[in-house]
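Chains as they are written, first to last, in the numbering used here: chain A, 80 to 700; chain B, 80 to 700.
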């Protein structure tokens with residue numbers, strides 16, 4: 080590495096280190112190198128509970144033992160697994176061309192990633208996708224990895240009754256490698272895992288697994304830099320992003336993506352038409368299959384794990400959007416619509432779909448079939464254009480599956496609550512249960528600046544109904560490019576939606592974290608309450624703004640009610656009293672309690688005079 | 080007014096002035112003095128649209144013509160209506176006692192509100208509630224007021240097809256005064272309107288009307304002052320609070336409430352047990368019916384419009400909470416539970432319920448029957464304690480109705496999505512369709528700091544299912560007392576939930592604002608998009624952070640995509656092209672478009688070379 084590169088690397092600052100009270104732990108699989116990371120949150124000794132183990136998307140960045148070197152990239156976890164299969168070959172690859180970075184001049188060129196690896200592709204005649212292996216009955220290390228990852232907490236939960244409404248999802252009590260293999264073979268789940276992105280820790284997207292969240296990042300012609308985007312990626316996974324989409328559209332697009340991929344432990348998705356459009360100077364009519372194909376190869380060799388491809392925007396559907404309130408709001412959709420009209424032909428994404436599949440199969444890139452005609456307003460939800468495209472996405476799913484290519488389907492958009500379930504039901508029926516990947520949906524149009532909330536409502540609901548991955552929406556939606564704070568806010572809003580969906584679907588171990596946090600709350604273990612939350616820093620900060628003293632972290636009240644009105648504290652007395660009564664608390668409890676409690680009143684009163692310990696009293700206001 | 084009072088008054092600063100591009104307008108009713116305020120948002124002339132009229136909770140504070148004088152209080156809008164009915168009398172009232180303000184010493188005493196009005200009560204034998212009038216077939220000015228208020232936009236919407244799923248709600252195409260009267264007579268809606276709070280502009284809470292939002296404010300023993308609370312009240316209604324609850328528990332509780340009531344144009348609710356507990360030094364066991372009754376009279380004379388009363392916390396239900404993860408989390412519920420156990424008797428709220436009703440009927444105070452046993456965690460949702468109490472609330476509703484007292488029912492709390500609808504269904508069945516008033520519910524416990532979002536998901540859903548009013552939750556829930564920013568954030572989150580619910584229920588005119596904003600978005604009317612949003616300031620601020628120049632406010636792109644990737648801009652071309660094709664856009668559009676469009680391709684391409692006007696181009700990054 081040259082001195083310049085070193086400097087470039089140090090210019091990229093990312094957030095590292097463990098989250099509060101958290102340690103990284105690993106569970107080993109049976110196959111070589113399968114070592115699945117989790118985060119364990121330590122609780123206060125008075126809890127008398129083991130640490131809570133949670134799903135961990137953050138990669139090596141939260142491991143204090145690892146020295147992060149952005150210029151070198153992450154360890155290549157899957158390299159050995161891929162090589163061991165013997166069905167791929169390394170090759171020289173396509174040279175990087177000036178047009179790949181928008182013909183950017185030296186003065187604006189981003190520093191290149193020096194340690195670019197040599198790309199691999201399938202040997203002639205081989206299909207190297209997880210779908211191909213699953214159909215052949217092979218349990219890959221990737222499948223075992225995600226089985227262990229998804230199985231989190233289920234052994235402990237096995238004794239509890241299942242609770243939830245899964246709307247036909249088939250969520251197992253225990254996730255086995257064989258279950259994972261079968262779900263992939265049936266097309267109901269995907270593991271996005273380009274052979275050229277061996278840095279990624281395998282994860283699975285499917286209705287019968289935990290609901291996932293994608294974070295969008297990416298520069299635009301107007302703003303943002305390489306360092307900012309790498310930082311946003313690391314920041315997004317710190318807060319739980321399961322995948323990240325690089326939606327860059329400006330210059331340095333190839334270089335930006337290289338830095339992101341080499342440093343990302345989560346799958347990376349892109350929309351290749353964005354870069355293809357840059358290559359033809361931003362003029363949609365000038366797009367050709369050759370430019371697009373070249374872009375697919377370029378990104379395949381870099382390691383992009385899934386491609387959003389708007390192949391369902393067919394020429395005859397475009398007039399269906401003409402009377403809409405907001406027309407076509409998908410960037411990719413509108414670009415292809417413009418091309419279709421200009422040439423008056425079906426788009427090459429549709430006519431060349433089989434050829435696209437061939438490329439995807441050679442690298443194990445998954446389709447994210449784009450909903451280019453998704454509604455951009457409440458008025459346009461569930462209209463003819465949207466559902467016509469969905470039918471086509473269903474057809475294309477089958478074409479992709481015929482070539483062993485993994486598929487998920489993108490969904491809307493802006494949809495009022497009463498029209499959300501129809502989207503899920505139609506997608507399941509039309510697309511053979513391929514995983515659904517939805518943007519929100521936003522349940523009203525009237526709150527720009529708060530669309531993480533308008534859409535968290537829709538995301539929670541559609542996640543419950545069966546969406547496998549939620550694409551986050553940040554507060555800047557419709558208004559500007561998200562910054563670091565927006566990324567975090569969007570992520571937390573969507574982790575809430577995804578978790579609420581997991582709870583409602585009845586994922587066996589989902590409630591463990593709610594229960595642990597609620598016990599901490601009830602027992603006034605403030606530090607545990609902060610540490611168990613999705614965003615410990617904010618929870619602690621909010622608490623400290625009204626009760627900043629350390630002593631208050633053990634106070635048996637909070638500033639909401641003050642010491643005299645603390646319902647939780649009173650509840651402890653109630654509980655103690657009720658227990659001392661030795662009454663059973665089953666079906667007959669009401670009647671029995673009514674009879675048995677009279678003589679306890681005086682006793683309780685005598686013993687319960689003062690419930691607030693002096694040491695915890697706050698200063699008078 | 081003395082100089083001290085002047086000084087005191089000027090110490091209380093509130094936010095006044097119109098919202099951006101907004102004017103106050105009024106619609107006159109047939110009855111004397113019925114003059115219903117609305118806000119009209121002016122649009123850019125290029126929109127060629129009339130101003131959008133929206134519901135306005137903000138009272139005189141957003142009317143630039145009104146001089147606000149906090150020390151004098153608001154005009155007494157309903158005074159003439161109340162007097163004209165001839166069924167009430169003024170009387171000396173209960174003197175204010177030192178204990179009413181927690182025996183606060185001079186050094187900590189808040190300045191008193193000098194212009195305290197003389198209280199009124201029903202003449203002997205008269206019941207002066209809106210329910211009594213409705214049952215007698217009388218359409219009061221209050222009923223006409225809310226009919227006009229609720230009818231907003233319905234004339235314009237009459238031509239459109241209704242769209243929504245109302246789950247049995249009977250939402251009319253047009254809201255008439257007679258419809259309002261009938262809904263109140265049936266107990267399905269309430270107008271909280273204490274005769275001693277004539278400053279309030281009438282509003283209605285019921286499943287067949289627009290979904291409302293309550294904002295909680297109030298000091299605690301630990302923090303906050305009178306001026307802060309008045310400011311929060313005015314701030315909350317500026318952002319759309321339909322009612323405000325003063326949950327103060329500290330000292331100066333009587334004085335704080337007086338300032339709030341005299342300056343509030345929305346109904347004010349309280350939880351009288353909080354003040355009663357203060358009067359007995361914070362010792363729950365010392366509470367008596369006499370102290371409680373005295374507190375009811377005190378607050379009735381001040382003008383509190385609805386009382387939360389936890390009369391459903393019956394002694395035999397308390398043991399049902401003993402095995403809960405979070406016990407009893409309602410402050411009022413836990414206080415009463417402690418009292419019940421200490422005395423081993425049913426609470427006086429239950430045994431004296433008929434006497435409470437008599438007081439409420441004499442002032443037209445509405446019940447908000449408190450859910451003292453609501454779940455405080457996902458684990459405790461929909462349990463035996465919660466539903467046992469709900470049955471009792473149903474019984475008590477009938478007792479109140481027998482005495483012509485208006486009733487709404489409070490609901491949870493913490494409930495996972497799949498258990499929300501059962502709450503609504505059970506409440507409707509058990510409580511004779513009395514309006515439901517729910518806190519959230521929070522759909523997961525794991526995100527302290529973001530509980531406005533965890534609960535907006537549940538609030539949107541339960542509002543759709545039939546909840547009449549949503550009690551907001553702020554980001555500080557579980558952590559601290561909300562400040563001004565938290566109040567606004569909570570309000571916007573809940574206006575989103577309420578509006579999403581109105582849309583999904585199919586309120587005839589709800590979508591007008593979404594459509595107007597979406598048209599503005601599609602036509603790049605940035606200023607209109609900001610002004611039509613729930614929070615224009617934040618929307619504008621977020622936009623300006625990436626594209627600050629004034630020129631960009633007319634730009635035909637935004638920073639998310641930049642000029643080349645603007646889907647909306649491309650859509651305009653698509654629309655123009657499709658329209659020029661003269662193809663019909665009905666059911667056969669797909670087939671016809673396929674046939675008819677071929678020859679248009681060259682034409683489109685020739686005309687569409689450059690779509691971005693030079694003047695709008697941003698500076699290179």
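Ideal Cβ positions, reconstructed from N, Cα and C, are used throughout, including at glycine. Only a predicted model underlies this, so the values are computations on that prediction, with no experimental measurement involved.
- Taking 8 Å as the CB threshold, residue 614/A lines the interface with chain B.
- The beta-bridge partner set that DSSP reports for residue 105/A consists of 116/A.
- As a beta-bridge residue in DSSP terms, residue 493/B pairs with 521/B.
- Residue contact with chain A for residue 529/B: present (Cβ-Cβ distance below 8 Å to some residue of chain A).
- Bridge partners of residue 284/A according to DSSP: 269/A.
- Rounded to whole angstroms, residue 345/A and residue 149/B show a C-alpha spacing of 57 Å.
- When CB distances to chain A are screened at a threshold of 8 Å, the residues of the stretch 588–615 of chain B falling below it are 590, 592, 593, 594, 596, 597, 598, 600, 601, 608, 609, 611, 612, 613 and 614, in chain order.
- Here residue 581/B is buried. Its C-beta has 16 or more other C-beta atoms within 10 Å.
- One Cα belongs to residue 393/A, the other to residue 542/A, and the distance between them is close to 28 Å.
- Taking 8 Å as the threshold, the shortest C-beta distance from residue 558/B to chain A falls below it.
- Contact annotation: residue 145/A and residue 577/A have beta-carbon atoms that are not nearer than 8 Å.
- Taken in chain order, the unbroken stretches of alpha helix (DSSP H) that lie wholly in the stretch 147–212 of chain B and span 4 residues or more are 158–164.
- Rounded to whole angstroms, the gap between the alpha carbons of residue 308/A and residue 152/A is 15 Å.
- Between residue 106/B and residue 220/B, the C-beta gap is not smaller than 8 Å, which leaves the two residues out of contact.
- Interface criterion met: the Cβ of residue 622/B is under 8 Å from a Cβ in chain A.
- Taking 8 Å as the cut-off, the beta carbon of residue 443/A is found closer than this to the beta carbon of residue 272/A.
- If only uninterrupted beta strand (DSSP E) runs of at least 3 residues are considered, those enclosed by the stretch 310–344 of chain B are 322–325.
- Setting aside the 5 residues that flank it on each side, residue 579/A is surrounded in the same chain by 539, each with a C-beta closer than 7 Å to its C-beta; the list follows chain order.
- The three-state secondary structure of residue 582/A, taken from DSSP, is helix.
- Taking a beta-carbon distance threshold of 8 Å, residue 650/B counts as an interface residue toward chain A.
- For a Cβ distance threshold of 8 Å, residue set 536 of chain B lies close to residue 576/A, ordered along the chain.
- DSSP links residue 654/B through a beta bridge to no other residue.
- Per the DSSP secondary-structure output, residue 428/B pairs with nothing in a beta bridge.
- Taking all protein chains shown into account, residue 459/A has 16 or more neighbouring C-beta atoms within 10 Å of its C-beta and is therefore buried.
- Per the Cβ contact rule, the stretch 397–407 of chain B is not in contact with the stretch 422–442 of chain B (fewer than 3 Cβ pairs under 8 Å).
- Using beta-carbon distances, residue 646/B counts as an interface residue toward chain A, with a partner under 8 Å.
- Minimum Cα-Cα distance from residue 589/A among the listed residues 289/A, 198/A, 182/A and 118/A corresponds to 289/A.
- Boundaries of the beta strand (DSSP E) harbouring residue 386/A: 385–388, taken from the DSSP string.
- For the pair residue 226/B and residue 192/B, the CB atoms are not nearer than the 8 Å cut-off.
- Judged by beta-carbon spacing, residue 223/A lies within the 8 Å limit of residue 256/A, meaning their Cβ atoms are closer than that value.
- Only residues of its own chain outside the window of five on either side were considered, and among them 493, 495, 523 and 524 have a CB closer than 7 Å to the CB of residue 457/A, listed in chain order.
- Its chain contains 428, 429, 432 and 475 as the residues whose beta carbon lies nearer than 6 Å to that of residue 390/B, once the 5 sequence neighbours on both sides are disregarded; these appear in chain order.
- At least one C-beta of chain A is nearer than 8 Å to the C-beta of residue 496/B.
- Rounded to whole angstroms, the gap between the alpha carbons of residue 202/A and residue 170/A is 10 Å.
- The C-alpha of residue 246/A is placed about 38 Å away from the C-alpha of residue 133/B.
- Beta-bridge pairing by DSSP links residue 486/A to 446/A.
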